[in-house]
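Reading through the structure tokens given below for one structure.
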Amino acid sequence: MPTTVTESAQELVKTYNEMMSRSFAAAQAGWEQTAAATKTVAEAAQTEQDAAGKVWERTIAHSRDRAEKMSELARSYSAAPASGMNAETKEIVDGIVSADQEFFKSCAEYTLAAEQRRARLAAEMIRANADLAASGQEVVKSAFDYGRALMDWSFAVTRGSAPTAPF
Numbered sequence: 032m033p034t035t036v037t038e039s040a041q042e043l044v045k046t047y048n049e050m051m052s053r054s055f056a057a058a059q060a061g062w063e064q065t066a067a068a069t070k071t072v073a074e075a076a077q078t079e080q081d082a083a084g085k086v087w088e089r090t091i092a093h094s095r096d097r098a099e100k101m102s103e104l105a106r107s108y109s110a111a112p113a114s115g116m117n118a119e120t121k122e123i124v125d126g127i128v129s130a131d132q133e134f135f136k137s138c139a140e141y142t143l144a145a146e147q148r149r150a151r152l153a154a155e156m157i158r159a160n161a162d163l164a165a166s167g168q169e170v171v172k173s174a175f176d177y178g179r180a181l182m183d184w185s186f187a188v189t190r191g192s193a194p195t196a197p198f
């Protein structure tokens with residue numbers, strides 16, 4: 032706590048300047064965090080769109096391939112002997128099963144990767160919000176310090192021992 036009127040006024044000016052400086056720094060950090068978050072979300076959306084597009088392309092290709100193989104299978108069955116599957120039919124069925132397994136594996140990989148991307152985005156947004164909250168706390172601390180200095184100066188003025196304008 033300042034001991035003289037002059038020290039009280041100097042402390043008031045100093046804490047006011049610190050408060051304003053921290054307020055502007057917090058506002059700047061807020062703008063930077065908002066810009067970074069916007070960029071991150073836009074990039075995540077683009078990545079998701081690209082990945083989903085690839086899945087749709089694979090889905091369409093798989094559906095076409097499967098339809099062709101099912102047609103081959105139908106032709107093969109119509110030509111198959113009554114005794115059961117021949118080697119050609121077995122090969123077609125194996126190809127369909129293998130393609131289905133590969134397709135569903137790629138869908139599972141996409142789903143896992145999408146969940147991981149979303150988790151990274153959420154973690155980054157949480158970190159950005161924590162940084163923003165920390166700069167807000169600095170502003171609150173500065174405002175508190177300024178309020179305390181203003182009270183000290185006000186008490187000095189009411190005692191008649193301080194100048195009426197510290198600035």
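Quick note on the working numbering: the sequence shown kicks off at 32 and runs consecutively.
Ideal placement from N, C-alpha and C gives every residue a C-beta, glycine not left out.
Quick caveat: nothing in here was measured; it's all calculated off a predicted structure.
request  = May I ask you to report which of helix, strand or coil DSSP gives Asn117?
outcome  = Residue numbering aside, residue 117 sits at position 86 when the sequence shown is read from its first letter. The answer is coil: DSSP assigns Asn117 none of H, G, I, E or B.
key: 9 Å Cβ cutoff, Thr71 in contact with chain C   = Here there is only one protein chain, and chain C is not present.
Spatially closest choice to Asn48 from Ala187, Gly178 and Val188, by CA coordinates = By 1-based counting over the sequence shown, the position of residue 48 is 17. Nearest of Ala187, Gly178 and Val188 to Asn48, Cα basis: Gly178.
key: Ala57 vs Glu155 beta-carbon contact at 9 Å   = Counted from its first residue, the sequence shown places residue 57 at position 26. Counted from its first residue, the sequence shown places residue 155 at position 124. No, they are not a contact pair.
message = Helix, strand or coil for Arg106? Go by DSSP, reduced to three states.
response = Within the sequence shown, residue 106 is the residue found at index 75, counting from 1. Note: Arg106 maps to helix in three-state DSSP.
Ala98 to Ile91 span [Cα, whole Å] = What you label residue 98 is simply residue 67 of the sequence shown in a count that begins at 1. What you label residue 91 is simply residue 60 of the sequence shown in a count that begins at 1. Each residue's Cα considered, the two are about 11 Å apart.
query = Hey, how far is the Cα of Asp162 from the Cα of Ala150?
reply = The sequence position of residue 162 within the sequence shown is 131, counting from 1. The sequence position of residue 150 within the sequence shown is 119, counting from 1. So the two alpha carbons sit approximately 18 Å from each other.
Expected contact under 8 Å - CB spacing of Leu152 and Thr65 to nearest Å = Taking the first residue of the sequence shown as 1, we reach residue 152 at position 121. Taking the first residue of the sequence shown as 1, we reach residue 65 at position 34. Rounded, the Cβ-Cβ distance is 15 Å, inconsistent with contact.
task = Quick one: grab the DSSP three-state call for Arg190.
result = Here residue 190 refers to the residue found at position 159 of the sequence shown. In the structure shown, Arg190 sits in coil (DSSP, three-state: anything other than H, G, I, E or B).
ask   = CA-CA distance, Phe175 and Leu181?
value = Taking the sequence shown and counting its residues from 1, the one referred to as residue 175 is at position 144. Taking the sequence shown and counting its residues from 1, the one referred to as residue 181 is at position 150. Their Cα atoms are separated by approximately 10 Å.
key: Residue burial classification, Arg106 (beta-carbon count within 10 angstroms, cutoff 16)   = Within the sequence shown, the letter at position 75 stands for residue 106. With fewer than 16 other Cβ atoms within 10 Å, it is exposed.
Beta-carbon gap between Ser239 and Gly61 smaller than 9 Å = Limits of the chain in this structure are 32 at one end and 198 at the other, which puts residue 239 out of reach.
query = Taking all protein chains shown into account, do 16 or more other C-beta atoms lie within 10 angstroms of the C-beta of Ser173, making it buried, or fewer, making it exposed?
reply = Taking the first residue of the sequence shown as 1, we reach residue 173 at position 142. Counting Cβ neighbours within 10 Å, Ser173 comes out buried, since at least 16 surround it.
Contact under 9 Å by Cβ, Asn82 with Tyr141 = By one-based count along the sequence shown, residue 82 stands at place 51. By one-based count along the sequence shown, residue 141 stands at place 110. This sequence places Ala at residue 82; Asn is not what is there. Contact flag set, yes.
message = Rounded to the nearest angstrom, what separates Glu103 and Ser137 at their Cα positions?
response = As a working mapping, residue 103 is identified with position 72 in the sequence shown. As a working mapping, residue 137 is identified with position 106 in the sequence shown. Roughly 25 Å between the two C-alpha positions.
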